[in-house]
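Note that numbering that gives the first Met the number 0 has the sequence shown beginning at 0, numbered continuously upward.
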Amino acid sequence: MILTTHNQTPFPSTLYCAAEVRALDQAAIAAGTPGIQLMKRAGRAVFDALHQAYPEPGLITVYCGAGNNAGDGYVVAALAAQRRLPVQVIQVGALDKLTGDARQAYDFACQEGVAITAFENAAVPAEGVVVDALLGIGLQGPVRAPFLQAIERINACDLPVVAVDLPSGLDADSGAVQGCAVNAAMTVTFIGTKRGLLTGRGPALCGTLVLADLSVSADILQAQSGSAELLRLPALLNNLAPRAADAHKGDFGHVMVIGGDTGFGGAALMAAEAAARTGAGLVSIATRPEHIPAILARRPEVMACGVVSGQELEPWLARPTVLVVGPGLGRSPWSEQMLQQAVKSGLPLVLDADALNILAAGRVVPENTRRDNWLLTPHPGEAARLLAVNTTDIQSDRFAAVSKIQQSYGGAVILKGAGSLVAAEADCIGVVAAGNPGMATGGMGDVLSGILGGLIAQGLTVAQAARLGACLHATAADLAADEVGQRSLLATDLMPYLCQLLSDQ
């Protein structure tokens, strides 16, 4: 996902919900900046971004609603007219609902001679660029007519779309779609970044994300805390201390991967290799005996033990410092015994895949069990089972879901997906902006779990490992996709780029 700012300053880390952005807007007005001035700055930022990306648009069609988002759109249209660019406004909803600053912006557009056509009388644009100024952060509930029809028309016209503040129909807080939403090539958002733009459907719908702070002072921005944080890999890498010249393998922990039921040995091996590449001093695998020859042939650095029961596993648990449980684990009685012994050990745990499904079932691990030293890594389906809801419930508010899992189970949680979320007890929710659709392939979660185990082995807390590991994983996937393409990306393609990212640490 491409993140940039209107004035080319570094993209800020603080992410806001809609209520927090409204508070910033009101604070700026209270500090002496009139609302119409903020609106004109917003319109200018959209126009500048549009004109830079599409310098000869042919026609600019601005779809305006009836609130402040529409006011921003009218400013865009007026500025285009001043530049003698062909522009039209399609007004959706009653004009008499335009009041205050938005009405002044409408008058500005009329003064500049902008043609304004009611939606019911407007033709579908056939050329140029579309500006979506229909619905802002105040959307409550599903999109209704006539905005529903307008969004459908925008998406059907097959023209590049620049969204004002956020794609209409996208929930600013959760990143969920409220019935339908505009699919934008670029979104210019204002004052502070809305957290819903970076997770759920947000990354797919907002395109390139441009933040315009509208010259709101740093003092005002710093006075308002955000409810989420954009995670940045360079800063997180500082959690890894340089290695002493006399270091030995015992200084960097021992990761044991427990998994690989019959036919799924590759998952455990990918996790083990990722743990080793991340810097764990020792890595071992406890798996079905039949997988041992292939594991040793592929990666002789990994110690491998074949176990057929939880009783056989127990003696092996005296050596590791952290356990990664779940890659290829399955849900057989063998699988349940593996998880039962791992939990019983008291060691730090990374739980993934079927370890989470067994946990959710409540038979092996008692319900309401909370631990400070485990890290859960569910995708939306596994998250739904952990909370006894459905996947739609998870995706309708990913922030609420990851918080509830963390509150219920303790430790740290990574809710995977576009814009992965990281929650831990003392931190605000972290958002991972890196990553790409090529990661939708088997084994990616296994590699992530191994990375996390390797970081914990080196002394990071589960919270530190969750934040750094999620960013490492997604960034390595982006580098790999640049080389092999998203469609051809394999989980093991991440290994050399993981090494590259860690090379200076």
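Using N, Cα and C, we set each Cβ at its ideal position, and we do this for glycine too. Since we're looking at a predicted model, the values are computed, not measured.
Beta-bridge pairing of residue i - partner residues as DSSP gives them
| i | result |
| --- | --- |
| Y15 | K193 |
| A227 | L14 and I428 |
| Y62 | I89 and D131 |
| M255 | S283 and L322 |
| I413 | V421 |
| V303 | Checking the sequence shown, residue 303 turns out to be Ala, not Val. DSSP lists I284 as partners of A303. |
| A162 | D131 and T186 |
Inter-residue spacing [alpha-carbon to alpha-carbon] between residue i and residue j
| i | j | result |
| --- | --- | --- |
| S448 | G168 | 35 Å |
| L223 | E19 | Sequence check: residue 223 is Gln here, not Leu. So the two alpha carbons sit approximately 7 Å from each other. |
| P145 | Q90 | 10 Å |
| N68 | A132 | 5 Å |
| V324 | L459 | 18 Å |
| L58 | V209 | 22 Å |
| I393 | D106 | 43 Å |
| V88 | A80 | 11 Å |
| I404 | Q457 | 26 Å |
| F263 | R330 | 12 Å |
| T186 | R231 | 21 Å |
| Q310 | T390 | 36 Å |
| P288 | N237 | 39 Å |
| V306 | K248 | 25 Å |
| L235 | Q463 | 8 Å |
| D24 | T277 | 43 Å |
Three-way DSSP call (helix, strand, coil) for residue i in this model
| i | result |
| --- | --- |
| I1 | coil |
| S283 | strand |
| L467 | helix |
| V181 | coil |
| I455 | helix |
| I115 | strand |
| L350 | strand |
| A433 | coil |
| A211 | strand |
| T440 | coil |
| L374 | strand |
| V142 | coil |
| V388 | coil |
| V461 | helix |
| L447 | helix |
| L169 | strand |
Residue burial classification, residue i (beta-carbon count within 10 angstroms, cutoff 16)
| i | result |
| --- | --- |
| N154 | buried |
| V505 | Absent from the model: residue 505. The displayed extent of the chain is 0 to 504, so no value can be given. |
| H378 | buried |
| L94 | exposed |
| S487 | exposed |
| E381 | buried |
| C470 | buried |
| K96 | exposed |
| G42 | buried |
Review point. Three or more C-beta pairs closer than 8 Å, one from the region 280-300 and one from the region 474-488: is that the case here?
Key: no
Item to complete: Evaluate contact between the region 68-84 and the region 30-49, counting only Cβ atoms and requiring at least three cross-stretch pairs below 8 Å.
Response: yes
- Query: Can you find at least 3 beta carbon pairs, one from the region 487-499 and one from the region 440-457, that sit closer than 8 Å?
  - Reply: yes
| field | Cβ contact (3+ pairs, closer than 8 Å) linking the region 6-16 and the region 188-200 | value | yes
Would you be able to state if there are at least three C-beta pairs under 8 Å between the region 404-418 and the region 357-376? yes
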